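Protein sequence lines correspond, in order, to chains A and B. Per our numbering, the first sequence runs over residues 634 to 1254. Per our numbering, the second sequence runs over residues 8 to 261. Don't be surprised by glycine CBs; every beta carbon is placed ideally from N, CA and C. Predicted, not measured: the structure shown is a model, and the values here were computed from it.
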Amino acid sequence: MKKLALNDEILLKIDKPARYIGNEVNMVKKDPKDVDIRIAMCFPDVYEIGMSHLGIQILYDMFNKRADVYCERVYSPWPDLHQIMKEQHIPLFGLESQQPVKEMDFLAITIQYEMCYTNILQILDLSQIPLYAKDRDENCPIVIGGGPCTYNPEPLADFFDLFYIGEGETVYDQLLDLYKEMKKGLYSRKEFLHQAAKIPGLYVPSLYEVSYKEDGTIGSFEPVCDDIPKKIKRQVVEDLTKAVYPQKPLVPFIKVTQDRVVLEIQRGCIRGCRFCQAGMVYRPLRERGIDMLKEKAYQMLKNTGHEEISLSSLSSSDYTHLEELLTFLIENFKSQGVNISLPSLRIDAFSLDVMSKVQDVKKSSLTFAPEAGSQRMRDVINKGLTEEDILHGAGLAFEGGWQKVKLYFMLGLPTETEEDMRAIAQLAEKIAERYYEIPKEQRNGKCQITISTSFFVPKPFTPFQWYSMRTKEDFLGCAKVVNEAVKSQLNRKSMKYNWHEADVTVIEGILARGDRRLSKVLLEVYRNGGIFDAWSEFFDNDRWENAFASAHINPDFYTVRERSEDEVFPWDFIDTGVTKEFLLKEWHRAMEGNVTPNCRQQCSGCGAMVYKGGVCYENTH
Amino acid sequence: MRIRIKFRKYGVMRFIGHLDIMRYFQKAIRRAEIPIVYTEGFSPHQVMSFAAPLGVGIISDGEYLDIEVHDSLSTEKAIEKLNQMMVEGIEITNYVQLPKGAGKAMAVVAAAEYQVFYKENDLDSMAFSYEQIRNGIDQYFHDRNEIVITKTTKKGERTLDIRPYIYRFQAYQKEGETGFSMLLSAGSQENIKPELVVQDFFRYFGKEYDKYAFQIRRVDVYAEASPEDPSGSRFLPLDHFGERITQEREQVNG
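This is the structure:
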């Protein structure tokens, strides 16, 4: 029997021992002695969240296809186990071999959201790896970060040896080959990192030096040696149909957030919403071929036994062959007890028809994400969804038997006025009125409209990266205006309003546009017990405020401060393809309330065309 | 047609709880492409039921689930196909067709056999040696007419004489395992947990019971045999109530 890293006594005491034993269906088994390179692939949150992440499944499959590599998984131990591991000095381990992470060659961490930064420190600490990259010696794994937050990796720069900027399917082979080559010779860790920095897309923070102006903004950001690039170019898969995609995804024993087959139909987005980082940094839109998707859907359902399949993308309605794909899935799998879970689709006759085939209309709800209540505000954020679209879609849905509607909005957007806030409630009212236009005998009681608002966080590489974020008090003020407006509507009894916490949004805003000076704040928060900050039950705002105070850092510098148009941002050394000139032009257009057409209507010259694929070349074939 | 599947659960799979084992089998049956029957409606589910939940940490050589299928391979082929889909720690050991009118696994469970043995088979660390256990059971079990224990349930505490529900209680020693072996009442009537018995045994002799020192194994799960059964046994394993599907029968059904 395989020896587990944790003994029976620990496993029987803690919550959900299945998080820590591995052995899942389709887990890759190799003898660590048979490989040259061992990778611990980490999602720094609890198992159920981490196991639901598609990116890790793709990379796990890709790495393990190499005979010379063994890639294992690591997730954040829940606080109950965290405490035991600290007390008993148990080193964090890979789920596959149950052996310590610190004995492996790479610790690769995907960085998906700002509030998991303290969990990254937890992972390093429990792995018994020095937290600061500069303190690591030749025996430590190379700590590498990837994922959306690496579009501004600076708050974490001191903790990582390397960052991989861009899509994982592209240059890892080069990095691993280099590592293997260097492992044969007598190269030092430092020499390896220097060579790695020459691979496109790889950023070695220790080889770049930042100087600051008196006002605290960046004066210069330069490489310390002249044989590595000044700018790091985001790596992109040109043809997603040919790219690797798992055939046999892992099937966890315990119920995880995404307990289903996930089919990524396309990457990138044509829409150009100005608040959306994903819509800017994953450009250009690239679709996967319909035949590949059909084949993968069949294989993955067969190999996992999952009873549900879900499509993944930023805007599924824009996928060219959506109708054909959904028809294929319904015709081939519905009769075998497979649920087809639909991504958020544009609500129209087609999507309602599909939904009525795969969902129980009475129980399911429709989702709209207008993001802003007034048309003026939606023009500012370039959300190309009109009130007519929403009311028309809702009307069709109500006539089709639906009665539950969910609406998502943001508060604290640039140029937002009280009128814009109240428009949220007014839009909900119009939807409710549309419902009650249906004759009483034909409807099914009251309609239920759930309004949810989140507070807007300006992100790097979006046109709103220059925007000064609202304060916590402003945010709560906005929510109050909406709440009162909801309460004053005629159909208020059909509405429910939820808003997010403001504290955590502010911290997110600081980290999103932060710089290297924030590393000491993160360390301080972690040392004072901060982990699982993405979980409201563990987030402690005082702990963060105290950490800023003791590090002598004014959080306002990162949030509410006015940024000039020529300011050098901490993330400017990354070249995402989309130019700063384009973003600035979009910022100006936003202020003027001008909308910008989507990529299929007209090319706006964002710069992503430098990548030789996707929507930019659709009409040239 | 109704099928009863018997399986073993061992190794790291002992940490997977009952509900997750059910989910595991739902997916495994789909992977093995067993033509299982689904219920009607918007969220159809497989017609599947398990005999008796097994606690986390316990291993077993005799777990059962019943399924309903449209048609079936032979016992031999079905076992092979299912085992190709299993993870390490779950092994299918039998696959039989139930006769019409056979009771559901869950409803017919009457007894379960357990072994409770030291994880470390090291005399110095054992509170009782094999001989001490043998003698102890004479005193604790054979020489007494009632064994009254206090059982803590959700509703509070109650006292219970467990003596009538212990059908057999013996010392156990085999292949480096030393401990207790017992046949206990199980199912909806009176479900006696092996840990409760061993714990009370320790208490009776004034010794401290360390639950982490023991591994529990469920050996098999039983139903009451019919009085006419030629074996003459009071209890028979659950798979005894079905019939193996031979290659010839498979063709007839298929």
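Between the CA atoms of residue j and residue i - distance to the nearest angstrom
i                 : j                    : result
serine 949/A      : arginine 904/A       : 11 Å
alanine 952/A     : arginine 916/A       : Inspection of the sequence shows that residue 952/A is occupied by tyrosine rather than by alanine. Cα to Cα, the separation comes out at about 15 Å.
leucine 1024/A    : lysine 1063/A        : 8 Å
serine 1007/A     : glutamine 1234/A     : 23 Å
leucine 896/A     : lysine 929/A         : 8 Å
leucine 826/A     : valine 837/A         : 7 Å
cysteine 773/A    : phenylalanine 135/B  : 47 Å
lysine 831/A      : isoleucine 861/A     : 5 Å
glycine 261/B     : glutamate 1021/A     : With a pLDDT of 44 at glycine 261/B, under the threshold of 50, the predicted position of this residue should be treated as unreliable, and no value is reported.
glycine 18/B      : lysine 636/A         : 9 Å
proline 1003/A    : glutamate 1178/A     : 33 Å
proline 171/B     : tyrosine 125/B       : 26 Å
proline 786/A     : lysine 866/A         : 14 Å
isoleucine 647/A  : valine 63/B          : 12 Å
glutamine 828/A   : phenylalanine 792/A  : 19 Å
threonine 253/B   : lysine 84/B          : 9 Å
aspartate 738/A   : aspartate 810/A      : 13 Å
aspartate 150/B   : glutamate 75/B       : 47 Å
glutamine 731/A   : glutamine 992/A      : 41 Å
valine 843/A      : leucine 835/A        : 18 Å
glutamate 642/A   : aspartate 131/B      : 20 Å
isoleucine 1186/A : threonine 1095/A     : 25 Å
lysine 107/B      : phenylalanine 1172/A : 58 Å
aspartate 924/A   : serine 945/A         : 16 Å
glutamate 231/B   : alanine 117/B        : 6 Å
serine 3/B        : alanine 114/B        : Missing from the structure shown is residue 3/B; chain B here goes from 8 to 261 and no further.
threonine 1000/A  : lysine 735/A         : 45 Å
serine 81/B       : alanine 39/B         : 14 Å
leucine 962/A     : aspartate 806/A      : 34 Å
Listed by chain order, chain B residues near residue i by CB distance under 7 Å
i                : result
isoleucine 654/A : Val19, Phe22
Amino acids of chain A, ordered along the chain, whose beta-carbon sits closer than 7 Å to that of residue i
i              : result
glutamate 95/B : Asn656
tyrosine 125/B : Here the premise fails: no neighbours, minimum Cβ distance about 13 Å.
tyrosine 31/B  : Phe886
Own chain residues within Cβ distance below 7 Å of residue i, not counting five before or after
i                  : result
asparagine 752/A   : Pro677, Asp678, Ser709, Ile1164, Phe1165
arginine 175/B     : Met189, Leu190
phenylalanine 14/B : Glu70, Ile97, Glu98, Ile99, Thr100
alanine 1112/A     : Leu1044, Thr1086, Trp1132
Nonlocal neighbours in the same chain, by C-beta distance under 6 Å from residue i, ignoring five residues either side
i                : result
isoleucine 105/B : Just to set this straight, residue 105/B is leucine in the shown sequence, not isoleucine. If we look at leucine 105/B and ignore the five residues flanking it on each side, its Cβ neighbours are Arg9, Arg11, Gly249.
lysine 663/A     : Tyr703
tyrosine 1191/A  : Ile1143, Arg1146, Gly1147
leucine 759/A    : Met718, Leu725
threonine 157/B  : Glu164, Thr166
aspartate 168/B  : Glu153, Val155
valine 889/A     : Glu681, Met684, Ser685
Chain-ordered neighbours of residue i on chain A, where CB pairs are closer than 8 Å
i              : result
lysine 34/B    : Val658, Val884, Thr937, Gly938, His939, Glu940
tyrosine 137/B : Residues of chain A passing the Cβ test: none, with the nearest at roughly 22 Å.
Contact list for residue i against chain B, beta-carbon separation under 8 Å
i                : result
asparagine 972/A : Ser50
Proximal residues of chain B, C-beta to C-beta of residue i below 9 Å
i               : result
aspartate 993/A : Gly48, Phe49, Ser50
Amino acids of chain A, ordered along the chain, whose beta-carbon sits closer than 9 Å to that of residue i
i              : result
arginine 170/B : Here the premise fails: no neighbours, minimum Cβ distance about 29 Å.
tyrosine 102/B : Here the premise fails: no neighbours, minimum Cβ distance about 18 Å.
Legend entry - Contact residues within the stretch 850-861 of chain A, judged by C-beta distance below 9 Å to chain B: Flagged: no residues at all.
Legend entry - Ranges of the beta strand (DSSP E) found wholly within the stretch 810-894 of chain A, counting only runs of at least 3: If we require 3 residues or more, the beta strand (DSSP E) runs fully inside the stretch 810-894 of chain A come out as 841-845, 851-856.
Legend entry - Contact set between the stretch 214-239 of chain B and chain A, restricted to residues whose Cβ is under 7 Å from the partner: For the stretch 214-239 of chain B, which is checked against every Cβ of chain A, the residues closer than 7 Å are Tyr219.
Legend entry - Any beta strand (DSSP E) of 3 or more consecutive residues that is wholly inside the stretch 45-119 of chain B: As for any beta strand (DSSP E) of minimum length 3 sitting wholly inside the stretch 45-119 of chain B, the runs are 55-57, 66-75, 97-104, ordered along the chain.
Inset, instruction - With 8 Å as the C-beta to C-beta threshold (strictly closer), list the residues of the stretch 50-83 of chain B near chain A in chain order. - result: Residues of the stretch 50-83 of chain B whose Cβ lies closer than 8 Å to any Cβ of chain A, in chain order: Ser50, Pro51, His52, Gln53, Val63, Gly64.
Inset, instruction - Quick one: which unbroken beta strand (DSSP E) runs of 3-plus residues sit fully inside the stretch 1076-1106 of chain A? Chain order, please. - result: Those beta strand (DSSP E) runs which fall completely within the stretch 1076-1106 of chain A and span 3+ residues are 1081-1088.
Legend entry - Residues in the stretch 636-655 of chain A having any Cβ partner in chain B nearer than 7 Å: Listed by position, the residues of the stretch 636-655 of chain A near chain B (Cβ gap below 7 Å) are Leu637, Asp641, Glu642, Leu644, Leu645, Pro650, Ala651, Ile654.
Legend entry - Residue ranges of each beta strand (DSSP E) within the stretch 709-797 of chain A, 3 or longer: 739-743, 775-779, 795-797, all fully within the stretch 709-797 of chain A.
Inset, instruction - Scan the stretch 675-711 of chain A and note each continuous alpha helix (DSSP H) run of 4 residues or more that stays entirely inside, going in chain order. - result: The alpha helix (DSSP H) runs of length 4 or more contained entirely in the stretch 675-711 of chain A are, from start to end of the chain, 680-683, 687-698.
Inset, instruction - Give, in chain order, every unbroken run of the alpha helix (DSSP H) that is at least 4 residues long and sits entirely within the stretch 950-1028 of chain A. - result: Positions of the alpha helix (DSSP H) runs, each at least 4 residues long and wholly inside the stretch 950-1028 of chain A, are given as 955-966, 982-991, 1008-1013 in order along the chain.
Inset, instruction - Below 9 Å between beta carbons is the criterion; list the residues of the stretch 105-133 of chain B that meet it against any residue of chain A, in chain order. - result: Within the stretch 105-133 of chain B, the residues whose Cβ lies closer than 9 Å to some Cβ of chain A are Lys126, listed in chain order.
Legend entry - alpha helix (DSSP H) segments (min. 4 residues) lying fully within the stretch 165-212 of chain B: Listed in chain order, they are 201-211.
Legend entry - Continuous alpha helix (DSSP H) assignments of at least 4 residues falling wholly in the stretch 893-954 of chain A: Runs of the alpha helix (DSSP H) inside the stretch 893-954 of chain A: 910-914, 923-937.
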